[in-house]
Amino acid sequence: MEALTSDAWYVLKTKPRQDERAIQSLDNQGFEVFGPKLTVKKVRRGKRTSSVEPMFPGYVFVRPDNLIEQFYKLRNTFGVNNVLKFGDSIPTIPQSWIDDLRSMDAAAESDAPQVGDSVEIKEGPFRGYMAKIVELDGESRCFVLLEWMQKKVRANFSYSELTL
Numbered sequence: 407m408e409a410l411t412s413d414a415w416y417v418l419k420t421k422p423r424q425d426e427r428a429i430q431s432l433d434n435q436g437f438e439v440f441g442p443k444l445t446v447k448k449v450r451r452g453k454r455t456s457s458v459e460p461m462f463p464g465y466v467f468v469r470p471d472n473l474i475e476q477f478y479k480l481r482n483t484f485g486v487n488n489v490l491k492f493g494d495s496i497p498t499i500p501q502s503w504i505d506d507l508r509s510m511d512a513a514a515e516s517d518a519p520q521v522g523d524s525v526e527i528k529e530g531p532f533r534g535y536m537a538k539i540v541e542l543d544g545e546s547r548c549f550v551l552l553e554w555m556q557k558k559v560r561a562n563f564s565y566s567e568l569t570l
């Protein structure tokens with residue numbers, strides 16, 4: 407095994423859907439642990455919802471004092487499957503990468519518009535028309551209200567066909 411420094415971070419593979427359990431267990435044992443998360447906005451059943459999800463599902467970062475001495479303690483922690491290895495080599499993650507992950511804007515906005523937004527249609531026969539979103543239809547489509555031939559017309563468009 408190569409020299410494993412105490413200022414390096416390591417990657418732990420967690421058991422399926424047990425990222426939070428692993429983070430909590432490692433934290434309770436006094437390890438410095440980091441599981442980056444994203445706030446993802448999705449459209450479910452026509453409603454916009456936010457959910458917090460792991461950036462790297464199934465993996466967390468840990469910085470032990472001495473990996474060689476604490477290897478089995480880490481591996482046998484609740485929620486942890488194993489320390490990530492490539493053959494006999496255990497990769498290290500530099501502190502700068504962890505700092506970059508921590509400084510990233512954790513709120514990932516999806517490109518989906520919201521009800522009430524004014525949009526311009528950029529494709530098809532209504533290209534160039536302005537419309538107002540009146541209802542969301544799944545994760546990739548919405549209903550808009552546009553004025554055509556002096557009447558209000560309700561139409562269904564993909565988000566890719568609209569610009570805010």
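Add 406 to the 1-based position in the sequence shown for this note's numbering, that's all there is to it.
C-beta atoms are modelled at their ideal positions from N, C-alpha and C, and glycine is treated no differently.
Keep in mind it's a predicted model, so treat the numbers as computed, not measured.
N-terminal and C-terminal residue of the beta strand (DSSP E) that residue i is part of
| i | result |
| --- | --- |
| ALA561 | 557-564 |
| LYS419 | 416-420 |
| LEU444 | 443-450 |
| PHE462 | Counting along the chain, PHE462 falls outside any beta strand (DSSP E), and DSSP gives it neither H nor E. |
| SER440 | First, the residue type needs correcting, since residue 440 is Phe and not Ser in the sequence shown. Per DSSP, PHE440 belongs to the beta strand (DSSP E) from 438-440. |
| LEU552 | 547-554 |
CB-CB length for residue i against residue j, believed under 8 Å
| i | j | result |
| --- | --- | --- |
| ALA414 | THR498 | 4 Å |
| VAL468 | GLU438 | 7 Å |
| LEU568 | ILE527 | 6 Å |
| VAL489 | TYR416 | 6 Å |
| LYS538 | VAL550 | 6 Å |
| ASP523 | LEU473 | That pair is no contact at about 50 Å. |
| SER431 | GLY485 | 6 Å |
| THR483 | GLN424 | Not really, about 10 Å apart at Cβ, beyond 8 Å. |
| LEU552 | TYR535 | 5 Å |
Identity of the residue in the options nearest residue i by Cα
| i | options | result |
| --- | --- | --- |
| THR455 | TRP554, LEU542 and LEU570 | LEU542 |
| ASP433 | LEU480, ASP505 and ASN487 | LEU480 |
| PHE532 | LEU507, PRO422 and PHE563 | PHE563 |
| LYS419 | GLU459, PRO460, MET555 and ASN487 | ASN487 |
| PRO520 | MET510, GLY534 and CYS548 | Here residue 520 turns out to be Gln, not Pro, going by the sequence shown. Of the candidates MET510, GLY534 and CYS548, the one whose C-alpha sits nearest the C-alpha of GLN520 is CYS548. |
| VAL466 | PHE477, GLU475 and PHE440 | PHE440 |
| VAL540 | ARG508, ALA561, GLU475 and PHE492 | ALA561 |
| PRO422 | PHE462, GLN556 and ARG450 | PHE462 |
| GLY530 | SER546, SER495, GLN556 and SER566 | SER566 |
Boundaries of the alpha helix (DSSP H) in which residue i is found, first to last residue
| i | result |
| --- | --- |
| ARG427 | 425-434 |
Query raised in the report: Taking three-plus beta-carbon pairs below 8 Å as touching, is the segment 443-452 in contact with the segment 492-507?
Result: no
**Report entry** Inside the segment 464-536 only - alpha helix (DSSP H) runs reaching at least 4 residues
**Finding:** 473-481 and 501-509
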